[in-house]
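Adding 2 to a residue's 1-based position in the sequence shown gives its number in my numbering. The structure under discussion appears below in the form of structure tokens.
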Amino acid sequence: KKKNIKMKKIFLVAEIGCNHMGDFKIAKKLIDQAKFCGADYVKFQKRDNKSLFTNEEFNAKHPVPRNSFGATYGLHREYLEFSVSTHKKIISYCKKKKIKYSCSVWDSKSAKNMLNISKDYIKIPSATNMNFEVLDILSKKYKGDIHLSTGMTTSDELDEIISFLSKRKALKKVVLYSCTSAYPAEINEVKLLDIANLKKKYGKYLKAIGFSGHHKGVSIDNAAVVLGATWFERHFTFDRTAKGTDHAASLEIDGLKKLRGRLDLTSAVLEYKPKKILKGEIFQRNYLKKIVRLKN
């Protein structure tokens with residue numbers, strides 16, 4: 003017997019990441035705009051650049067010099083990095099604006115720093131999902147949920163990650179995101195059926211399945227609702243042409259607002275038709291429908 007699906011809430015995360023360009027005022031502006039668009043969360047990032055990079059990596063040139071905020075890649079990252087105290091100020095501002103805060107962590111020190119700060123969940127980005135020290139810290143010491151992206155990850159590596167989290171009895175607090183890690187991603191590289199695969203293979207063990215998109219526009223995201231995603235994460239910026247790596251793969255205010263509406267509408271219509279006539283069809287049925295049956 004078919005029953006209407008009781009749809010879960012669709013969560014929308016506006017990832018500010020480093021699009022604040024190291025400026026707290028820009029961060030607040032983006033929080034205001036994300037709230038206006040209907041986002042449930044804003045998400046930032048935390049890195050300890052000295053432990054994350056070797057000396058050679060820290061002192062290397064930025065691979066895209068026009069996007070660099072420092073003479074070396076390490077100094078570029080340091081320029082964009084908010085301190086723990088600034089993250090606390092951001093959290094206070096989010097509470098004032100009634101939007102929730104979250105954060106990605108890129109290394110063990112950052113994971114430890116954010117344990118008691120990012121209360122609802124901590125995100126493990128695709129670049130860090132094979133750092134088992136980070137996975138171990140969050141599995142054992144963190145009370146909130148763990149969100150994890152699967153970009154740049156083979157199926158065998160993902161099995162290894164899931165097995166690791168399972169042994170630590172952490173899967174029930176994991177939200178697993180389908181993701182293509184290109185900035186921006188070409189539309190033919192956004193493999194949406196991966197969401198259905200993740201749900202089929204791991205869904206019964208996890209808290210939820212999500213979709214982290216880095217493509218342009220919002221024409222395909224609502225299809226992910228049908229496939230089973232309930233968490234949606236998109237990079238968010240004040241200007242897609244601004245200096246920095248992530249802006250081009252981000253949505254501006256109009257795009258994020260439009261996305262919120264499309265996700266909610268798609269969720270609302272995922273129902274079966276009932277056996278009886280729909281209320282909205284009654285007038286037309288009475289006016290137009292002619293029933294002619296053959297006589298035996």
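For glycine and all other residues, C-beta sits at the position ideal for the given N, C-alpha and C. Predicted model, so just to flag it, every value in this text is computed and none were measured.
query: Less than 8 angstroms separating the beta-carbons of residue 124 and residue 105?
result: Going by beta carbons, residue 124 and residue 105 fall inside the 8 angstroms limit.
4 or more residues per run - each alpha helix (DSSP H) lying fully within the stretch 119 to 191: Positions of the alpha helix (DSSP H) runs, each at least 4 residues long and wholly inside the stretch 119 to 191, are given as 134 to 143, 157 to 169 in order along the chain.
query: Between residue 249 and residue 243, is the Cβ-Cβ spacing less than 8 angstroms?
result: Annotated as proximal: residue 249 and residue 243, with beta-carbon spacing under 8 angstroms.
message: Taking the alpha carbon of residue 210 as the reference point, which residue from 66, 173, 128, 185 has its own alpha carbon closest?
response: Ranking 66, 173, 128, 185 by Cα distance to residue 210 puts 173 first.
- prompt: Does DSSP put residue 19 in a helix, in a strand, or in coil?
  reply: Strand, per DSSP.
task: Classify residue 283 as helix, strand or coil using the three-state DSSP reduction.
output: It is helical.
Residue closest to residue 103, alpha-carbon to alpha-carbon, out of 297, 160, 48: When only C-alpha atoms are compared, the closest one is 48.
field: Residues bridged to residue 106 (per DSSP)
entry: The partner list for residue 106 (beta bridge, DSSP) reads 47, 125.
- prompt: Under a Cβ-count criterion, where at least 16 other Cβ atoms within 10 Å of its own Cβ denotes burial, should residue 270 be classed as buried or exposed?
  reply: So residue 270 counts as exposed.
task: For residue 29, count neighbouring C-beta atoms within 10 Å of its own C-beta (all shown protein chains included) and say buried if the count is 16 or more, exposed if not.
output: By the 10 Å Cβ count, residue 29 comes out buried.
task: Would you be able to state if there are at least three C-beta pairs under 8 angstroms between the stretch 66 to 78 and the stretch 130 to 145?
output: Contact check between the stretch 130 to 145 and the stretch 66 to 78: fewer than three CB pairs, one atom from each, fall below 8 angstroms, which does not count as touching.
Classification of residue 169 by the beta-carbon crowding that lies within 10 angstroms, buried from 16 upward: So residue 169 counts as exposed.
field: Own chain, CB closer than 6 angstroms to residue 268, minus 5 neighbours either side, in chain order
entry: Its chain contains 224, 227 as the residues whose beta carbon lies nearer than 6 angstroms to that of residue 268, once the 5 sequence neighbours on both sides are disregarded; these appear in chain order.
task: Look up residue 62 in the DSSP assignment and say whether it is helix, strand or coil.
output: Under the three-state reduction of DSSP output, residue 62 falls in the coil class, being neither helix nor strand.
field: Enclosing alpha helix (DSSP H) for residue 80 [first to last residue]
entry: First-last of the alpha helix (DSSP H) with residue 80: 75 to 82.
message: Taking 8 angstroms as the threshold (beta carbon to beta carbon), is residue 249 in contact with chain B?
response: Among the protein chains of the structure shown there is no chain B, as only one such chain exists.
message: Let's see if you can read the secondary structure: which residues bound the beta strand (DSSP E) around residue 215?
response: According to the DSSP assignment, residue 215 belongs to the beta strand (DSSP E) that extends over 210 to 215.
- prompt: Alpha carbon to alpha carbon, what distance is there between residue 258 and residue 41?
  reply: Distance between the alpha carbons of residue 41 and residue 258 is about 8 angstroms.
- prompt: DSSP three-state call for residue 234: helix, strand or coil?
  reply: Residue state for residue 234 is assigned as strand, using DSSP reduced to three classes.
- prompt: Around the Cβ of residue 289, are there at least 16 other Cβ atoms within 10 angstroms (buried) or fewer (exposed)?
  reply: Of the residues assessed, residue 289 falls on the exposed side of the cut-off, its CB having fewer than 16 other CB atoms within 10 angstroms.
query: When we look at the beta-carbon of residue 231 and count the other beta-carbons within 10 Å, is it buried (16 or more) or exposed?
result: Of the other Cβ atoms in all chains shown, 16 or more fall within 10 Å of the Cβ of residue 231; this residue is therefore buried.
- prompt: Taking DSSP as the reference, what is the three-state secondary structure of residue 117?
  reply: Coil, per DSSP.
From 13, 54, 70, 158, residue whose alpha carbon lies closest to that of residue 108: For the options 13, 54, 70, 158, the alpha carbon positioned closest to that of residue 108 is the one of 54.
- prompt: Just curious, the alpha helix (DSSP H) that residue 25 is in, first and last residue?
  reply: No alpha helix (DSSP H) contains residue 25, which DSSP labels as neither H nor E.
- prompt: Starting from residue 42 and walking both ways along the alpha helix (DSSP H), at which residues does that stretch end?
  reply: Neither: residue 42 is in no alpha helix (DSSP H) and is coded neither H nor E.
query: Between residue 22 and residue 16, what straight-line distance do the alpha-carbon atoms span, to the nearest angstrom?
result: Taking C-alpha positions only, residue 22 is separated from residue 16 by approximately 12 angstroms.
query: How long is the line joining the alpha carbons of residue 159 and residue 275, rounded to whole angstroms?
result: Rounded to the nearest angstrom, the two C-alpha atoms are 41 angstroms apart.
- request: Look at the alpha carbon of residue 98 and the alpha carbon of residue 235, and state the distance between them as a whole number of angstroms.
  value: Spanning the two alpha carbons is a distance of roughly 22 angstroms.
query: Out of curiosity, what's the CA-to-CA distance linking residue 177 and residue 292?
result: As the crow flies, the alpha-carbon of residue 177 is around 51 angstroms from that of residue 292.
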